[in-house]
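Chains as they are written, first to last, in the working numbering: chain A, 1 to 260; chain B, 261 to 558.
In this text, a Cβ means the ideal position worked out from N, Cα and C, and glycines have one as well.
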C-alpha cells in the first residue's frame, strides 16, 4: 500500500507540473507588457478596450439565448420521451448526440450552404448563429436533462401531482423542474462556458463575438492575449465551480466533458 | 395487437394514425429543429460533395479526396488525433488510477476531477494563447530556459507551431477528458476481484494482465476513440495556434469556406463528408465497445 501511494503522488506531481506551469507562465507573461518590470498594463489595455466589453457582452447574450432556447426545446422533448413515447428514445438520443459526429466546422459549413440563398436566407441573422449553438449544446443539455429525469421517480411524481389536482403547468414548474434543478443548472453553465469563448461558428458567420475578438487580439498584440487566456480560464473555472457547488448533495448532476 | 388490451381497458378507440400522431406531436418541435439546423445542413453538404460547380452530378470531388495533398492533410489530422488520443488515454488513465485507487486523499480526487472538468473545456483560442505565452518563441519558459540554463528549445528542434507542438497543446484538454470518462469505469472495479486474485496467490502483474485490463479494455478503447474524435474535429485551437499554417482537415475546410486558397466549395463539401464519415466510424466503434464494457462495469 505504501509503495502504491508513492507512485500515485509522482503521477499527480507530474500532472500538476504539466497543467499548472502553462497557467502560471501565462499569468506572468501577461505582466511583462512594460519592459523590465511586472505590471498590469496588458490587463488595463484589455479592460479599457471597448471591443472587449462589446464582444464579451454579445457572446454572453448569445449564450443566454442559447440556454433558453435549448432548455425550452429539450425539456419537453425529454419529458415526452420519458412519459409518453419511450419507443422514440433511441431516435431522440441519436439525434441529440449527433453533434458529436458533426464537428462545428462542418456544421457551420452546412448551415451556410443551406441558408445563404433563397428561399431562406438567414446568414446575416443571429438566428443561424443561435441555432448552431443550440445544436452544439444538444449533447450536453440532453444528457444532463435525461440524467436528471432518470434520477427522480418521474412517473410517480407526475401521477401524484395530477391526482392531487395539479394542472400540467403546475406539475411541470412546481414539481418536475425543481426536482431536476441541479441538472438544468449544470446544463446551463456548461453551455455558457462553451458558447462564450466559441470561435468556429462566430468567425465563419462573421459575428463580433468574444472568440473572434480574442483571435484578432492574438494576431495584433503580444501580452494582451495572455491576459485574455487567464480571463477565459477563470470564466470556465467559475462556470464549472458553480456546477459543482449547485450539484453538491443533489441528484442528477451532469459530468462535464468537453468537445472542441 | 395492442388494440385488444386498449379495448379491455376501455381506452377510447382512436384510429391508429391519430394515435401515432398524438404520440409524436410532443416531439415535433425538437424533430423540426434538428431537421432544419442539423440534418438538412449535413445533407446539403452530402449532396454538394457529389455536385460540380454548375450543380451537375459528379464523383470528381470525392475522387479529389485522394489527391496527395488532401490525403496528406487527412493523414496529418489522423496522426495528431491518434497520438493525442493514445497519449492522453494512457496518461489520463494513470492519473485517474492514481486518484481513484492509488491511495491518495479524497480531497485530491475531487480537486483533480474539478480541474479536469475545467481543463477539458478550456480549449480553443485561450488555450493556444496560454501555450504561446509559455512555450512560444518568446514565451516565458522558452526565455527562462535560455537565460538561466543556456538551453534554446527552438534550436534543439522544438517548435510549438508543428505537429508535436500541437500534440502538446491538445493534450491539455485530451488528458483531462480521459480522466473524466474513465473514472466511472475505475470506480466500477470491485475490490473483491483484487482480493480474490490475492487469495489465489496472483501477483499484482497477474491481476492486471488477466483480470483488470481485460475488464477495463473496452472502456479504455472506447475512451480513446472518443478522444480521437474530439481531436479530429478540433478547429479553434489549431487555427489560433498556427493561423492555418498546419494543413489539418478542419483548417482546410475553413480555408475553402473563406475562399483563402483555390476556392472550390464542392471540394470543401467532400472534405467535410470525409470528416463526418470518419467521425461516424468513431462513434459506431465507441457505442459497440461501450456495450461490451457494460457487461462487467455498470
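- Listed along the chain, the chain B residues whose CB falls inside 8 angstroms of the CB of residue 236(A) are 378, 381 and 382.
- If only uninterrupted beta strand (DSSP E) runs of at least 3 residues are considered, none is enclosed by the region 452-527 of chain B.
- A direct Cα-to-Cα measurement between residue 323(B) and residue 48(A) gives close to 52 angstroms.
- Around the beta carbon of residue 407(B), a 10 Å sphere encloses fewer than 16 other beta carbons of the protein chains shown; the residue is thus reported as exposed.
- For residue 203(A) and residue 130(A), the gap between their C-alpha atoms comes out near 13 angstroms.
- DSSP, read as helix, strand or coil, puts residue 317(B) in strand.
- For residue 407(B), no pairing in a beta bridge is given by DSSP.
- For residue 75(A), the uninterrupted alpha helix (DSSP H) segment begins and ends at 50-83.
- Under DSSP, no beta-bridge partner is assigned to residue 216(A).
- By the neighbour-count criterion, in which 16 or more other beta carbons inside 10 Å mark a residue as buried, residue 491(B) falls on the buried side.
- Between residue 507(B) and residue 369(B), the gap from beta carbon to beta carbon reaches 8 angstroms or more.
- Residue 434(B) is bridged by DSSP to nothing; it lacks a bridge partner.
- Taking all protein chains shown into account, residue 89(A) has fewer than 16 neighbouring C-beta atoms within 10 Å of its C-beta and is therefore exposed.
- Nearest CB-CB separation between residue 353(B) and chain A: not below the 8 angstroms threshold.
- Straight-line spacing of the CA atoms in residue 510(B) and residue 93(A) works out to 26 angstroms.
- Residue-level contact check: residue 101(A) touches chain B, since one or more beta carbons of chain B fall below 8 angstroms from its beta carbon.
- Of the other Cβ atoms in all chains shown, 16 or more fall within 10 Å of the Cβ of residue 146(A); this residue is therefore buried.
- For residue 183(A), the enclosing alpha helix (DSSP H) covers residues 181-196.
- Annotation for residue 335(B): the continuous alpha helix (DSSP H) segment containing it runs 328-361.
- Rounded to whole angstroms, the separation of the alpha carbons of residue 445(B) and residue 288(B) is 36 angstroms.
- Apart from the 5 residues on each side of it in sequence, residue 379(B) sits with its Cβ closer than 7 angstroms to the Cβ of 432, 433 and 436 in its chain, given in chain order.
- Against residue 545(B), chain A offers no close residue; the least beta-carbon distance is about 12 angstroms (beta-carbon pairs closer than 8 angstroms).
- Ranked by Cα distance from residue 488(B), the first of 357(B), 338(B), 315(B) and 352(B) is 338(B).
- Judged by DSSP secondary structure, residue 381(B) falls within the alpha helix (DSSP H) whose first and last residues are 366-381.
- Pairing residue 304(B) with residue 526(B) gives a Cβ-Cβ distance that is not under 8 angstroms.
- Contacts between residue 284(B) and chain A, judged by CB atoms closer than 8 angstroms, involve 85 and 88 in chain order.
- Between the region 461-479 of chain B and the region 376-396 of chain B there are fewer than three inter-stretch CB-CB distances shorter than 8 angstroms, so the stretches are not counted as touching.
- Residue pairing by DSSP places residue 311(B) opposite 317(B) in a beta bridge.
- With a contact defined as Cβ atoms closer than 8 angstroms, residue 133(A) and residue 236(A) miss out at about 16 angstroms.
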